[in-house]
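Trainee: Here it is, the structure in full.
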Amino acid sequence: MNNLIRRNGNSNLGFSNIFDDFFGRELFNWGHNNYSSTSTTVPSVNIKENGDAYEVQVAAPGMDKNDFQIQLDGNLLTISSMKQDSSETKEDNFTRREFSYQSFQRSFELPKDVVDQDNINAKYENGLLMLTIPKKEDAKQKPPRMIEIS
């Protein structure tokens with residue numbers, strides 16, 4: 061069985077990162093491009109492997125599907141988002157402007173010769189971006205079979 065390998069590009073090793081690195085090494089290879097350009101946090105990601113595909117869930121509430129960009133460059137899958145909101149209130153001589161800017165980027169190295177890159181699907185629903193990354197036919201988990209003894 062082929063596994064995805066995870067690499068975290070952050071140099072700050074906190075308690076949770078130690079466990080993330082220990083338990084997650086064989087799940088996904090996190091590229092060196094995992095960042096948030098603002099003080100916001102990078103969204104959490106769940107990765108699940110079944111016999112036919114990998115399922116990736118990115119927790120990103122408050123976004124719209126048009127806020128995301130998903131790019132595949134060779135074996136590097138990059139999920140990014142950029143959202144900017146602003147509001148302006150004018151009363152008498154007082155003006156107040158409030159800006160909100162959110163962005164992040166997560167990169168994952170897909171295993172070579174395992175995934176069907178042409179059939180990756182994504183949908184955004186209820187604050188969750190979900191990607192289905194199907195496996196190539198020869199990489200799918202096959203059911204056990206009986207071998208006859210001659």
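When we follow my numbering, the leftmost residue of the sequence shown carries the number 61, and every step to the right adds one. Virtual Cβ for every residue (Gly too), placed ideally from N, Cα, C.
Checking the sheet assignment: what are the DSSP bridge partners for residue 109?
Mentor: Paired residues: 114.
Trainee: Can you tell which of 194, 128, 149, 108 has the C-alpha that lies nearest to the C-alpha of residue 159?
Mentor: Considering only alpha carbons, the answer is 149.
Trainee: Should the region 134 to 142 be called in touch with the region 200 to 207, which here means at least 3 C-beta pairs below 8 Å?
Mentor: As far as the Cβ criterion goes, the region 134 to 142 does not touch the region 200 to 207, which means the pair count is below three.
Trainee: When you compare only the Cα positions, how much space is there between residue 167 and residue 210?
Mentor: Cα to Cα, residue 167 sits roughly 51 Å from residue 210.
Trainee: Relative to the alpha-carbon of residue 125, which residue among 183, 194, 198, 173 has its alpha-carbon at the smallest distance?
Mentor: It is 183 whose Cα lies nearest to the Cα of residue 125.
Trainee: If the criterion is Cβ atoms closer than 9 Å, does the pair residue 120 and residue 106 meet it?
Mentor: Taking 9 Å as the Cβ cut-off, residue 120 and residue 106 do not qualify as a contacting pair.
Trainee: From what residue to what residue does the beta strand (DSSP E) around residue 189 run?
Mentor: Start and end: 188 to 194.
Trainee: From this set, 122, 115, 102, which residue's C-alpha is nearest residue 257's C-alpha?
Mentor: Summary: the structure shown does not reach residue 257, with the chain confined to residues 61 through 210, and so no result is reported for it.
Trainee: Tell me the DSSP secondary structure of residue 197 in three-state form.
Mentor: Looking at residue 197 - three-state DSSP - the assignment turns out to be helix.
Trainee: Give a yes or no on whether the C-beta atoms belonging to residue 112 and residue 172 are separated by under 9 Å.
Mentor: Contact flag unset, no.
Trainee: Where does the unbroken beta strand (DSSP E) through residue 120 begin, and where does it stop?
Mentor: Where residue 120 is concerned, there is no enclosing beta strand (DSSP E), given that its DSSP letter is neither H nor E.
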